[in-house]
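Numbering (our numbering), first residue to last: 22 to 331.
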């Protein structure tokens with residue numbers, strides 16, 4: 022249960038890079054601001070397939086999640102990839118490796134993750150990314166764009182080639198939290214819990230991203246985002262809820278959130294594949310026979326919860 026909420030929260034965090042830069046911020050250089058605006062305004066109409074990846078590191082584990090994703094304006098998306106898992110036993114020092122094929126899709130408020138383990142496809146129903154939030158990220162409405170463009174605290178051009186330019190952007194966590202709140206008002210159940218925790222995490226930290234884009238086409242080439250502060254703040258927020266008596270956590274859950282809150286590193290990246298629409302997203306065969314299995318990642322959660330001896 023806890024690990025699947027983390028998957029959803031990380032996907033939301035990765036999507037928030039789409040916010041741009043507003044004229045009112047003196048920390049944005051004029052060139053960086055102008056270039057970022059042009060690239061951002063062009064981004065909602067860019068429905069190309071993207072190569073995405075998230076690396077999550079902890080004291081004894083490393084999770085490398087990578088695959089292809091395509092997001093469209095109606096709030097649907099498809100992701101096809103795999104999780105490469107590496108775990109080192111702190112007592113024996115033995116290292117185990119596993120490559121887990123995965124597929125994720127969202128339609129309306131339904132998000133489903135499929136994982137192939139032990140010779141079969143398993144299905145997990147996840148808290149969905151709010152449709153309103155995806156719509157805000159992909160919107161071409163000028164008012165929505167203006168609101169999103171107010172989230173940058175600083176921007177600067179850090180590299181330039183003949184056809185590409187790289188801009189380092191610092192996104193204001195509090196303003197991102199406001200955007201999340203405004204576009205997730207209809208969240209319910211687990212989704213509402215996840216979004217409230219994400220808002221709390223964003224309120225306590227900013228997000229740094231580096232955006233490399235094609236100058237002629239105003240299209241993303243690569244994007245890297247440091248989600249470490251968000252992951253740590255999210256996990257520490259859950260620990261704070263326990264300390265305040267709002268929730269109860271098992272010893273394993275406490276260690277799980279402690280490992281993420283105090284040791285985790287979470288770099289995220291995307292690059293363009295160049296395909297149009299979803300024709301590059303391959304739906305694996307056998308998904309129709311997948312059974313709901315909330316414990317499909319129970320062993321990984323236990324390994325994440327392994328922390329150094331005090």
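All C-beta atoms in this analysis are idealised placements derived from N, C-alpha and C, irrespective of residue type, glycine included.
Asked: Exposure of residue 268, with buried meaning 16 or more beta-carbon neighbours within 10 Å; Found: exposed
Asked: Backbone CA spacing between residue 240 and residue 230 [nearest angstrom]; Found: 16 Å
Asked: C-alpha distance - residue 178 paired with residue 158, whole-angstrom precision; Found: 23 Å
Asked: Range of the contiguous alpha helix (DSSP H) that encloses residue 212; Found: 210-224
Asked: Complete alpha helix (DSSP H) runs within the segment 221-269 (minimum length 4 residues, chain order); Found: 249-264
Asked: Backbone CA spacing between residue 283 and residue 316 [nearest angstrom]; Found: 25 Å
Asked: Residue 188 - containing beta strand (DSSP E), residue span; Found: 185-192
Asked: Chain-order list of residues whose beta-carbon lies under 7 Å from that of residue 255 (same chain, five-residue window excluded); Found: 30, 218, 219 and 222
Asked: Nearest to residue 310 (by Cα), restricted to the options 318, 113, 140 and 79; Found: 140
Asked: Short Cβ contact (8 Å threshold) for residue 190 with residue 176; Found: yes
Asked: Beta-carbon proximity list for residue 165, same chain, < 7 Å, skipping 5 on both sides; Found: 157
Asked: Euclidean distance between Cα positions of residue 280 and residue 111; Found: 14 Å
Asked: Top-ranked residue by Cα proximity to residue 69, from 293, 187 and 308; Found: 293
Asked: As assigned by DSSP and simplified to three states, the class of residue 280; Found: helix
Asked: Nearest-angstrom Cα separation, counted from residue 212 out to residue 382; Found: The structure shown has nothing for residue 382, since the chain only spans 22 to 331.
Asked: Residue range of the unbroken alpha helix (DSSP H) whose run includes residue 174; Found: Careful: residue 174 lies outside any alpha helix (DSSP H), inside the beta strand (DSSP E) at 173-181.
Asked: Alpha-carbon spacing of residue 98 relative to residue 124, whole angstroms; Found: 11 Å
Asked: Buried/exposed call for residue 329, threshold 16 Cβ in 10 Å; Found: exposed
Asked: Limits of the beta strand (DSSP E) - the one that residue 165 falls within; Found: Here residue 165 belongs to no beta strand (DSSP E); instead the alpha helix (DSSP H) covers 163-169.
Asked: Helix, strand or coil at residue 86 according to DSSP, with G and I counted as helix; Found: strand
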